[in-house]
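Structure, as structure tokens:
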Amino acid sequence: MAMATARHILVPGEDKANELKAQIEAGADFAEVAKANSTCPSGRQGGDLGSFGPGQMVKEFDTVVFSAPTGTVQGPVRTQFGYHLIEVTSRQD
1 MAMATARHIL VPGEDKANEL KAQIEAGADF AEVAKANSTC PSGRQGGDLG SFGPGQMVKE
61 FDTVVFSAPT GTVQGPVRTQ FGYHLIEVTS RQD
């Protein structure tokens with residue numbers, strides 16, 4: 001069974017997500033940006049979501065995690081919770 005580990009940053013607006021993505025792409029540490037900005041409780045752990053399989057996250061999130069290359073920041077991805085920046089840290093297919 002496929003498994004992935006990922007971290008994310010959740011914010012209410014797309015503009016904020018784009019602003020944070022630009023900071024990360026300019027060299028800011030993903031975990032520090034998550035701690036300072038994410039509205040998800042996982043933000044306290046740098047956005048770390050641990051390990052999970054397909055279907056355990058909402059569809060839009062799941063699609064990105066199980067198709068995007070590892071180590072790159074994806075998004076903003078809109079879900080019912082807000083806008084996510086997602087980094088797949090590992091995946092086993």
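To convert, note that position 61 of the sequence shown is 61 in full-length UniProt numbering; the numbers rise steadily by one, no gaps.
C-beta: ideal position from N, C-alpha, C; glycine also.
Look up residue i in the DSSP assignment and say whether it is helix, strand or coil.
i, result
"residue 80", "coil"
"residue 92", "strand"
"residue 52", "strand"
"residue 27", "coil"
"residue 58", "coil"
"residue 43", "helix"
Measuring alpha carbon to alpha carbon, tell me which of the options ends up nearest residue i.
i, options, result
"residue 2", "85, 52 and 24", "52"
"residue 67", "80, 87, 50 and 82", "87"
"residue 70", "17, 92 and 33", "92"
"residue 30", "9, 42 and 40", "9"
"residue 5", "79, 80 and 72", "72"
Given that a residue counts as buried once 16 or more other Cβ atoms are within 10 Å of its Cβ, and exposed if not, what is residue i?
i, result
"residue 7", "buried"
"residue 90", "exposed"
"residue 21", "buried"
Output needed for residue i: all residues of its chain with C-beta closer than 8 Å, excluding positions within five of it in sequence on either side, in chain order.
i, result
"residue 56", "62"
DSSP puts residue i in a beta bridge; with which residues?
i, result
"residue 5", "51 and 90"
"residue 11", "83"
Return the chain-ordered list of same chain residues with a C-beta closer than 7 Å to the C-beta of residue i, the five sequence neighbours on each side being excluded.
i, result
"residue 17", "11, 75, 76, 83 and 85"
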